[in-house]
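A.B. asks: Following our numbering, the residues of the sequence shown are numbered contiguously, the last one being 1615.
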Amino acid sequence: MLASFFQTWYHDAGTVPEDWHSAVVRAAAANKLTYRKCGRTGKYKPPRSHYDPVTGRLVLNMDHFCPWVANTVGYHNRKFFILFTAWGCLACAWASLTLIPFALRFTHAEKLDARGEAMRSFAVMAAALDGTFAVCLLCFSLGHLYMAASNTTSLEGGREAFHFDLGWRRNLEQVFGRDRRLWLLPVYGSGPVGDGVVWTLRDGSMFGLPDQDFQQPPPPPQPPAAQRGEDADECKV
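Laid out in structure tokens, this is it:
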């Protein structure tokens, strides 16, 4: 848990690469590309990047700014943040479970002095507090793990992230890396798959290249009208 915490705090989430920004500037000047710019930083925005008002810069695949780790969670440290919540959940659960026998020993005692009363209160409150943290972190870690498996973030909606969903295994590789032996360990390894700037879409095309016009991916395909309950009269006819 501590290793995951320090890795989340230490690793930069990632910002716009200067060579990518320069390539977009040259391509835009030569071909008049319609790439969107960030109004606050003045830089071109890679796909799935967002402006972080706390740090005042564009962050690649930004999820949120976490005050607990004093850092922004993004492309390059998202793995460590998820591991921090998961290992933190296990650490709190272990602390709560090991405190229960200690608390029961004082609870079943017939007569306690002032020190025993204080120790009992401490053990009961600590076990309850650690158990509460364990439940909260369990929900938090499962939620972020689900978003990683579906290739979305806290700032993205389902329709926006639909085209980046490559299946749960490839999605997790973009966060935890290809070496699955290192998925549960707070080490960087080969890092997440990709560069956080250019993304692979469901149809196999690349999105975010500096020499292509920037457009939002087309909306997800809609089900037939009969399945949506539309044009009911025509369906009946």
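C-beta: ideal position from N, C-alpha, C; glycine also.
What three-state label does DSSP hand residue 1398 in the structure shown?
C.D. replies: The answer is helix: DSSP assigns residue 1398 an H, G or I state.
A.B. asks: Closest to residue 1533 by CA distance: which of 1429, 1576, 1445 is it?
C.D. replies: 1429
A.B. asks: Could you have a look at residue 1387 and say whether DSSP puts it in helix, strand or coil?
C.D. replies: Note: residue 1387 maps to helix in three-state DSSP.
A.B. asks: So, is residue 1546 buried or exposed, given that buried needs 16 or more other C-beta atoms within 10 angstroms?
C.D. replies: By the neighbour-count rule (16 or more Cβ atoms within 10 Å), residue 1546 is not buried but exposed.
A.B. asks: Note down, one range per segment and in chain order, each alpha helix (DSSP H) of at least 4 residues found wholly within the region 1490–1524.
C.D. replies: If we require 4 residues or more, the region 1490–1524 turns out to have no alpha helix (DSSP H) run fully inside it.
A.B. asks: Evaluate the contact criterion for the region 1446–1457 versus the region 1430–1437: three or more CB pairs, one atom per stretch, below 8 angstroms.
C.D. replies: Contact annotation: the region 1446–1457 touches the region 1430–1437, with at least three C-beta pairs closer than 8 angstroms.
A.B. asks: Under 8 angstroms by Cβ, that's how I've got residue 1575 and residue 1584 pegged, so tell me the actual separation to the nearest angstrom.
C.D. replies: Going by Cβ atoms, the distance from residue 1575 to residue 1584 rounds to 10 angstroms, so no, they are not a contact pair.
A.B. asks: According to DSSP, which residues form a beta bridge with residue 1449?
C.D. replies: 1444
A.B. asks: Is the separation between the beta-carbon of residue 1564 and that of residue 1461 shorter than 7 angstroms?
C.D. replies: yes
A.B. asks: Which two residues bound the contiguous alpha helix (DSSP H) that contains residue 1575?
C.D. replies: No alpha helix (DSSP H) contains residue 1575, which DSSP labels as neither H nor E.
A.B. asks: What separation, rounded to the nearest whole angstrom, lies between the Cα atoms of residue 1498 and residue 1481?
C.D. replies: 6 angstroms
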